[in-house]
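Asks: These protein sequences, in sequence, are chains G and V.
For the first sequence, counting from 1, position 212 maps to 213 in this note's numbering; every step adds exactly one.
For the second sequence, counting from 1, position 102 maps to 118 in this note's numbering; every step adds exactly one.
In this text, a Cβ means the ideal position worked out from N, Cα and C, and glycines have one as well.
Predicted model only: the values in this text are computed from it and were never measured.
Dumping the structure here so I can ask a few things about it.
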Amino acid sequence: MRKVAWGAVAALVVLPAVAEGQEWRTVTMSRQLERVEDLRVFVEYGAGHFTVRSVDEDLLYRMQLEYDEEKFEPVADFASDRLRLGVESIGRNVSINTRRTGSLELELPRGVPMDLDLEFGAVSAEIDLGGLALTDLDVSTGASESYVEISELNSEEIGTATFEAGAAEFTAMGLGNLNADRIEVDAGVGSITLGLDGSWQDDGYVSIDMGLGALELRIPEGVGVRLKKDSFLTAIDSEGLIKRGDTFESPDFDDAERRVEIDIDAAFGAISVVWTR
Amino acid sequence: MVAMHMPDSLRKAALCLLMAALALPVGIDAQLRSIVTKSVSASSSGSSIELHFDDQTTLSIALDDGVAFIDGESAGSFERGDELDQAWRDLLVEAMSLENGELAEVLEAWEAPSSDVVAMRVDQALERALGVEQSESVSDAVVQSDATSLARFLLQSLGRLGVLDEALADLEDEDVQVHVDEDVTIEDGESVEGTLVVIEGTLRVEGTLDGDAVLVGGALDLRDGGLVRGQVRMADSRVLRSSGEVRGGIVDLLEDMRESESELRTELRNEIRDEVREDLRRELRDVARFESDDFSIMTPFRPVIRGVGGVVEKLVAVFLLGLLGAGFIAFAGQNVDAISETARRSPGRAAAVGFAGSFLLVPVWLLGALALIVSIVGIPVAIAWLPLFPIAAMLAALLGIVAVARNTGEWLADSTLPWTGWIRKSNQVFTLFGGLLGLAGLFIAGHVISIIPVLGIFSALLFGVGTILLVIAAQIGFGAVLLTRAGRRREYAGRHDPDAAWAAAMDMKPGEDAAADTNDNRGEG
């Protein structure tokens, strides 16, 4: 995959003439890993395809950007253990080009404790946080198609991990690997899929605040689930859950090794539960 | 420090030695500096690299729009797609995927693709930035005076080779002494014969040099009483002091290059200046255009321009609405008839329904969307509902205005008002355009009056009354569209007839027990 990406970049660099009328620039930026005490990473990205993954080299970050240089400029600041990455707008008449969008591929170091803050706008995003040592996590997405996965267990512990999705198709898988005491999902309008798979180190708590849309909870068998719903007009397909008063519980909730409490506050929409192996 | 005496033709052999040294397997890995950050970028217009080293120093090289920049300074020009451009882009492609040590090795090992001065400078800049610091280790190595050590040192000064070759050209002296990385002093009273070549060092002359001096990357310190009988050739060097005498004169070998550089700088400066000047001019023009406090030659004509612009704007709107209305009449004439009839017969009811409908539009839209989104099956329908509902509402409003405009046109045709004689009731398009002009009449009059500054209050009054009438007309039209379900039902198109209503309620044939003439008023419904 990476070879393909480098190949594409190489083609862009070697072939000087690309799209006329727009000045597309490809940039690769990186910084050597150095001793940091309290690393905080802020990533802001406005338009295009956004990718995040971990890197096994001695790098603080490696970022590959493709952007319209007449409208944006890359940002890569590191000072006082604060790392700020992304692009920012420089043009006065910023418009989103529908023919071609930019991209940002970001690699962050494995095993380096960090507080990660990702904010991205009208983009499609593929984010794999597996391998990162996260002490805090905030993911905020606007109108986008976002896929977040925690493919490996987080070696650090997170107090509260927050996901905010505006009007989006948002998917977060492997939430059990986050190693978070509390996971908060704040969704506006759209389709949300949350996968509670992964290696839960302790009992978990997931709070979901949804405005309007469809929510799919993918719960692995063996994880005890208690679901509490506070909604105005929301239908729930609670297959496999037993209703007990105001809550829905999985049959093995009391005996389960790991239990997850899910608190849903939804205005309008549909909730469905899908059991996975 | 090295001092080599070179009999006659050996000077070219010295160059060969230097060149040959490039091929020696010198262990350079440990000597390269550590790169902390890198930024490699490329676009259709240029490509660049920026490096930050662990000692806080930086290096940036950019080949952009035909100009090469080293640390922000112009290093000369190149042709896009030429040998240098291609070799540079190839290097950057490799550099993108490499980090620190590997990256430094690749960059350091890069060789200028040609003997072009710009390429050599780029190469030299990379060598300088990535090589070991010019410190004890280098000097210690050079003191050994063996060819490998010399070559290793000169490897780091690869960029000097081009100018060295140029500096040594055409020298006829028998003896050439080459001093690398050391200062050379000809003491007071001392006389040296032959040609002195000083690379990366200072030549201090207090006595006499009976020959030529060649300085590459060094300095000349010509003290009082010092004499050079031949020529002093300088490349990338400077004169510290010139109190003595140089009989053959001082020649700057890179003068031409500097001149072309200077020309390039001037050209760039002029371009930037012109661009800034043009920007300023544009800004000033904009300010003059929009700053109403400032007087300009156009100031007296502004009300006229505004007034005429407003009239044209309204006429264009009437024309476009007329075209749309003509389309409605052509393709849905009966629906327009029903709506017009309803608006004429039941204007109060239609207006009430229109107002209510206007207020309920947004809630209905949102609630409809929510009702659909509640079910998963309904979500795709909601996707269609969200954009189509406002479009349908807008079409309904336009249809209503067209219908009311037609009624207005018919009324104007019947009236004795001036300039209405051309409206013929027999032609619906005429009545439609006449009605639209009638509805827009107050606005047009307002724009015309606004041309005279003192009559601004009347203009505002006309706009206000015109707006109220237009809103009422729009509400009547919209209500009529709703009442008739876009002209498909005609219940409200006729006047209310109690007998006919009774007959309908009793399921009797019209006229059986009711006055026959009431049938005319019921319409088709």
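On the three-state DSSP scale, how would you describe V/Asp432?
Replies: In the sequence as displayed, the identity of residue 432 of chain V is Thr instead of Asp. Three-state DSSP puts V/Thr432 in coil, outside helix and strand.
Asks: Along the segment 251 to 269 of chain G, where does the CB come closer than 7 Å to a CB of chain V? Name the residues.
Replies: Phe269
Asks: Cβ closer than 7 Å: which chain G residues qualify as neighbours of V/Arg243?
Replies: The question names Arg, yet the displayed sequence has Leu at residue 243 of chain V. Those within 7 Å of V/Leu243 in chain G number zero; the least Cβ separation is about 55 Å.
Asks: I'd like the span of the alpha helix (DSSP H) that includes V/Ser475, first residue to last.
Replies: Secondary structure note for V/Ser475: its alpha helix (DSSP H) is the uninterrupted segment 472 to 499.
Asks: I want to see whether chain G comes within less than 7 Å of V/Ile392, judged by CB atoms only; does it?
Replies: For V/Ile392, a Cβ of chain G is located within less than 7 Å of the residue's own Cβ.
Asks: From the beta carbon of G/Ser31, is the nearest beta carbon of chain V less than 7 Å away?
Replies: Judged by the 7 Å Cβ criterion, G/Ser31 is in contact with chain V.
Asks: Just to confirm the assignment, what range does the beta strand (DSSP E) spanning V/Ser59 have?
Replies: V/Ser59 -> beta strand (DSSP E) spans 51 to 59.
Asks: Could you tell me the distance, in whole angstroms, from the CA atom of V/Arg220 to the CA atom of V/Gly265?
Replies: 16 Å
Asks: Using the three-state DSSP reduction, which class does V/Arg144 fall into: helix, strand or coil?
Replies: Looking at V/Arg144 - three-state DSSP - the assignment turns out to be helix.
Asks: Is there at least one Cβ from chain V nearer than 7 Å to G/Asn94's Cβ?
Replies: Here G/Asn94 scores only 49 on pLDDT, less than 50, and its place in the model should not be relied on; the value that follows carries that caveat. Taking Cβ atoms only, chain V never reaches closer than 7 Å to G/Asn94, which makes this a no.
Asks: Between the Cα of V/Val192 and the Cα atoms of V/Glu222, V/Gly62, V/Glu216, V/Gly227, which residue gives the shortest distance?
Replies: V/Gly227
Asks: For G/Glu70, go through chain V and note every residue whose CB falls closer than 7 Å to its CB, in chain order.
Replies: Ser59
Asks: Can you tell me whether V/Asn351 is buried or exposed? The criterion is at least 16 other CB atoms within 10 Å of its CB, across all chains shown.
Replies: Around the CB of V/Asn351, 16 or more other CB atoms lie within 10 Å, so the residue is classed as buried.
Asks: Mind pulling the chain V residues with CB within less than 8 Å of G/Glu24?
Replies: Ordered by position in chain V, the residues that pass the 8 Å Cβ test against G/Glu24 are Ser59, Ser60, Ser61.
Asks: Note the first and the last residue of the continuous alpha helix (DSSP H) segment covering V/Phe375.
Replies: Where V/Phe375 is concerned, the enclosing alpha helix (DSSP H) stretches over 363 to 389.
Asks: Can you pull the chain G residues whose beta carbon is under 9 Å from the beta carbon of V/Thr53, in chain order?
Replies: Met30, Ser31, Arg32, Gln33, Leu61, Ala77, Phe79
Asks: Does the beta carbon of V/Ile65 sit closer than 7 Å to a beta carbon anywhere in chain G?
Replies: no
Asks: Alpha carbon to alpha carbon, how far is G/Gly160 from G/Ala181? Give it in angstroms, no decimals.
Replies: About 6 Å.
Asks: Distance, Cα to Cα, V/Gly1 vs V/Gly450?
Replies: The structure shown has nothing for residue 1 of chain V, since chain V only spans 17 to 541.
Asks: Taking the C-alpha atoms as reference points, what is the distance between V/Pro41 and V/Asp132?
Replies: Residue confidence for V/Pro41 is low, a pLDDT of 39 falling below 50, so the modelled location carries little weight and cannot support an answer.
Asks: Determine, using beta carbons only, whether G/Leu213 comes closer than 7 Å to chain V.
Replies: yes
Asks: Measuring CB to CB, does G/Val190 end up less than 7 Å from G/Leu213?
Replies: yes
Asks: What residues are listed by DSSP as bridge partners for G/Ser31?
Replies: Beta-bridge partners assigned by DSSP to G/Ser31: G/Arg63, V/Lys54.
Asks: Residue range of the beta strand (DSSP E) that G/Lys244 falls in?
Replies: 243 to 245
Asks: Based on the DSSP secondary-structure assignment, which residues constitute the bridge partners of V/Ala84?
Replies: V/Leu79, V/Gly92
Asks: Say the cut is 6 Å; is the CB of V/Thr432 nearer than that to a heavy atom of the ligand ZN?
Replies: Looking for the ligand ZN in the displayed structure turns up nothing, as the structure carries no ligands at all.
Asks: Quick check: the segment 109 to 128 of chain G against the segment 55 to 65 of chain G, are there 3 or more CB pairs under 8 Å?
Replies: yes
Asks: Considering only the beta carbon of each residue, do V/Ser207 and V/Thr224 sit closer than 7 Å?
Replies: yes
Asks: Express the C-alpha separation of G/Ile209 and V/Val393 in angstroms, rounding to a whole number.
Replies: 23 Å
Asks: Which residues of chain G have a Cβ atom closer than 7 Å to the Cβ of V/Asn423, listed in chain order?
Replies: Near V/Asn423 there are no residues of chain G at all, since even the closest Cβ is about 42 Å away, more than 7 Å.
Asks: Check each residue of the segment 112 to 134 of chain V: if its Cβ is closer than 8 Å to any Cβ of chain G, include it; give the result in chain order.
Replies: Met112, Ser113, Glu115, Asn116
Asks: In the DSSP assignment, what residue or residues form a beta bridge with G/Phe164?
Replies: DSSP, once it has assigned bridges, lists G/Val140, G/Val186 as partnering G/Phe164.
Asks: Within the same chain, show all residues whose beta-carbon is closer than 6 Å to that of V/His68, passing over the 5 residues directly before and after it, in chain order.
Replies: Only Val52, Thr53, Thr74 meet the Cβ criterion.
Asks: Give me the chain V residues within the contact set of G/Thr27, using Cβ-Cβ distance strictly less than 8 Å, ordered along the chain.
Replies: Within 8 Å Cβ-Cβ: Ser57, Ala58, Ser59.
Asks: Which of the three DSSP states, helix, strand or coil, is assigned to G/Arg111?
Replies: coil
Asks: So with Cβ pairs under 7 Å, would you call V/Leu386 a contact of chain G?
Replies: yes
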